[in-house]
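Enquirer: Sequence lines, in order, name chains A and B. Take the first sequence: its letter number 91 is residue 99 in our numbering, and every next letter is one higher. Take the second sequence: its letter number 164 is residue 172 in our numbering, and every next letter is one higher. Using N, Cα and C, we set each Cβ at its ideal position, and we do this for glycine too. Note that the structure is predicted; figures quoted are calculated from it, not measured. Sharing a structure, written as structure tokens. Questions coming.
There are 2 protein chains.
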Amino acid sequence: MPDESTLHNEQPARKQQQRSLVTQQKLLDAAVEAFSENGFKGTSTRDIAERAGVHHPLITYHFKNKDQLWRAAADHIFGAFRNALAGALEEYKDQGAKQRMSALIHAYVNYAKNQPALHKVMVQEASYPNPRLEWLIDNHLKPIFTVTFGMIKELQDIGVAVPGNPALLFSMIRLSTGGLLALGNELKASSGIDVNDPETLSEISEMIIRVFLPGDMPASTSESKSDQ
Amino acid sequence: MPDESTLHNEQPARKQQQRSLVTQQKLLDAAVEAFSENGFKGTSTRDIAERAGVHHPLITYHFKNKDQLWRAAADHIFGAFRNALAGALEEYKDQGAKQRMSALIHAYVNYAKNQPALHKVMVQEASYPNPRLEWLIDNHLKPIFTVTFGMIKELQDIGVAVPGNPALLFSMIRLSTGGLLALGNELKASSGIDVNDPETLSEISEMIIRVFLPGDMPASTSESKSDQ
DNA sequence: CAATATTTTTCCAGATTGGACCAAAACAGC
DNA sequence: GCTGTTTTGGTCCAATCTGGAAAAATATTG
Chain A
9 MPDESTLHNE QPARKQQQRS LVTQQKLLDA AVEAFSENGF KGTSTRDIAE
59 RAGVHHPLIT YHFKNKDQLW RAAADHIFGA FRNALAGALE EYKDQGAKQR
109 MSALIHAYVN YAKNQPALHK VMVQEASYPN PRLEWLIDNH LKPIFTVTFG
159 MIKELQDIGV AVPGNPALLF SMIRLSTGGL LALGNELKAS SGIDVNDPET
209 LSEISEMIIR VFLPGDMPAS TSESKSDQ
Chain B
9 MPDESTLHNE QPARKQQQRS LVTQQKLLDA AVEAFSENGF KGTSTRDIAE
59 RAGVHHPLIT YHFKNKDQLW RAAADHIFGA FRNALAGALE EYKDQGAKQR
109 MSALIHAYVN YAKNQPALHK VMVQEASYPN PRLEWLIDNH LKPIFTVTFG
159 MIKELQDIGV AVPGNPALLF SMIRLSTGGL LALGNELKAS SGIDVNDPET
209 LSEISEMIIR VFLPGDMPAS TSESKSDQ
């Protein structure tokens, strides 16, 4: 089973055209937006096609059906998300554990700002047991969690992260990150917080680090640790 | 404009019957569940009536229309939520600031466990600007926030809460609380965490307090504060 | 028993649903 | 250029669902 984002191609005797990729992209973006606003059930394929500025039968052509479109849309944002996290980890791979986790949090916040749908879709699907939730967990969440749980544990061992169940702690971190940006409209109206302001954004990252990773990194060779 | 949860009664020449209250309650519970799962647009009045085990024209009779039903349902859960918080504050009104905030967090967690719809509805409505969001903010969120912001500030001043924008800090607290319980299905499947387990529940509360309110209360008269 | 409150049943007209179908157009490869 | 494939445009469909209206039947109150 080859990994194809567009499932209708079985034996592409001729290569895919450019305009085809464009409409797929437009449909994916529109699908992400629509699904994140109204959930799977509350979104119609026609709504998605309209947002994409595309005739609705093209959804059938490119993605077979609504369910496949949802999965492709989820791959679209969660795949990019995982890449963003992996990139941040790669960039800081030679740094200390706290630095790496901080980089992860910054990457998370930045991604969530541009793509608040990430968190909305998760809440939507976690609302009630359904096959899409299982699929999301197996294909996108677990791979992230296995990595981050290990990092959290390490940080707890060296006294940087607050002790307690690592899974719980990480969930609080991702909620404080993705959830905060998903509530953008509400925060603006209820507290005057503008999550699109770059300063607010870095304030959020810094606050999360301050709260969840309060400890200092232990000196690698021999150094006093009281550098507050 | 009298404050009536059932807007169809204008001049009740005769008192409301018991069975009427029962069906209203059933409809409200069903509405909360349905709206939290599928959002406002994704929920049909017929779906709500079915969940309530009631004929759907009764919605028109009791709540006039879908929009009024949504508002009544929101009043139903957010009103009870505010009462739960106020009750906790009242009970601990003679205690110190950290104790009061801790009581608030415990109450929040317990309420969110029984009513995860609270957070789901908020995320649903904050997804895109809409009149229901404004209504929710003005009628239910702001009253809570004005109280809690003050408490957070006080806790920051005495070094118990982490410094930073109080509104941001409080949002992180409520996300770590309500959001965590709204993700119950996901946490179970992805991390094996059962948010219905009482022990897990108190672990959540304790962790939130440990993370967001790490400082000790200063001694009231004269006492060393270095008790780590 | 009479008046009112509540529920039941039936109906509607219209919109929306996901998807099928085929002819036209755009494109890739030769 | 020509040819065959890919992609799109336009149309249609049958089924379901939509919120709500209306009137008849029942239950409850006073």
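Taking its Cβ as the centre, do 16 or more other Cβ atoms sit within 10 Å of L29/B, making it buried, or is it exposed?
Expert: By the neighbour-count rule (16 or more Cβ atoms within 10 Å), L29/B is not buried but exposed.
Enquirer: With 7 Å as the C-beta to C-beta threshold (strictly closer), list the residues of the stretch 131-144 of chain B near chain A in chain order.
Expert: Here the close residues are V131, A134, S135, Y136, P137, L141, E142.
Enquirer: What is the rounded straight-line gap between the Cα of K74/B and the Cα of N138/B?
Expert: The straight-line gap from Cα to Cα measures roughly 15 Å.
Enquirer: Within 10 angstroms of its Cβ, does K106/A collect 16 or more other Cβ (buried), or is it exposed?
Expert: Buried, by the Cβ-count rule.
Enquirer: Going straight from the alpha carbon of R108/B to that of S210/B, what length do you get?
Expert: Distance between the alpha carbons of R108/B and S210/B: 16 Å.
Enquirer: Would a C-beta distance cut-off of 8 Å place I212/B and L176/B closer than the cut-off?
Expert: The answer is no: Cβ separation not under 8 Å.
Enquirer: Who are the Cβ neighbours of I160/B in its own chain at under 7 Å, not counting the five residues just before and after it?
Expert: Answer for I160/B: A169, P174, L177, F178, listed in chain order.
Enquirer: How is K101/B classed by DSSP in three states: helix, strand or coil?
Expert: Three-state result, K101/B: coil.
Enquirer: Does the Cβ-Cβ distance between A60/B and A38/B come in under 8 Å?
Expert: A contact, by the Cβ cut-off of 8 Å.
Enquirer: Buried or exposed: where does N204/A fall if 16 or more other Cβ atoms within 10 Å of its Cβ makes it buried?
Expert: Result: exposed.
Enquirer: Given Q123/B, which residues of its chain have a CB within under 6 Å of its CB, disregarding the five upstream and five downstream residues?
Expert: Only I85 meet the Cβ criterion.
Enquirer: Chain B partners of K161/A, CB-CB under 8 Å?
Expert: Neighbours of K161/A on chain B: none; closest Cβ ~13 Å, over 8 Å.
Enquirer: If contact means a Cβ-Cβ distance below 7 Å, which residues of the stretch 36-70 of chain A contact chain B?
Expert: From the stretch 36-70 of chain A, only S44, E45, N46, G47, K49, G50 have a Cβ closer than 7 Å to chain B.
Enquirer: Between A173/B and chain A, is there a C-beta pair that is closer than 8 Å?
Expert: The question names Ala, yet the displayed sequence has Asn at residue 173/B. So, interface residue.
Enquirer: Taking only beta-carbon positions, decide if R90/B is within less than 8 Å of chain A.
Expert: Not closer than 8 Å to any Cβ of chain A, the Cβ of R90/B fails to qualify, so no.
Enquirer: E207/A CB to nearest chain B CB: under 8 Å?
Expert: No - not a single Cβ of chain B is within 8 Å of the one on E207/A.
Enquirer: Can you give me the Cβ contacts of H148/B inside the same chain, cut-off strictly under 6 Å, excluding the 5 residues immediately before and after it?
Expert: Result list for H148/B: F86, in chain order.
Enquirer: Helix, strand or coil, according to DSSP, for Y119/A in the structure here?
Expert: Three-state DSSP puts Y119/A in a helix.
Enquirer: I'd like the list of long-range same chain contacts for S110/B, defined as Cβ closer than 6 Å, with 5 residues on each side in sequence excluded.
Expert: Hits under 6 Å: I217.
Enquirer: Look at T51/B and A42/B and say whether their C-beta atoms are less than 8 Å apart.
Expert: Cβ atoms of T51/B and A42/B: closer than 8 Å.
Enquirer: Please confirm whether A92/A and A115/A have their CB atoms less than 8 Å apart.
Expert: Against a cut-off of 8 Å, the Cβ pair of A115/A and A92/A comes out as a contact.
Enquirer: What does V170/B touch in chain A if you count any residue whose Cβ is under 9 Å from its own?
Expert: The answer, in chain order, is M215, R218, V219, P222.
Enquirer: Can you give me the Cβ contacts of S44/A inside the same chain, cut-off strictly under 6 Å, excluding the 5 residues immediately before and after it?
Expert: The residues are A125, K128, V129.
Enquirer: Let's test the definition: count the other Cβ atoms within 10 Å of the Cβ of Y136/A and tell me whether it reaches 16, buried, or not, exposed.
Expert: So Y136/A counts as exposed.
Enquirer: Helix, strand or coil for N147/A? Go by DSSP, reduced to three states.
Expert: Residue state, collapsed to three classes: helix.
Enquirer: Residues in the stretch 187-200 of chain A with C-beta within 7 Å of chain B's C-beta atoms, listed in sequence order?
Expert: Within the stretch 187-200 of chain A, the qualifying residues are G187, L188, A190, L191, N193, E194, L195, A197, S198, S199.
Enquirer: May I ask which residues mark the beginning and end of the alpha helix (DSSP H) holding D136/B?
Expert: For the record, residue 136/B in the displayed sequence is Tyr; it is not Asp. Neither: Y136/B is in no alpha helix (DSSP H) and is coded neither H nor E.
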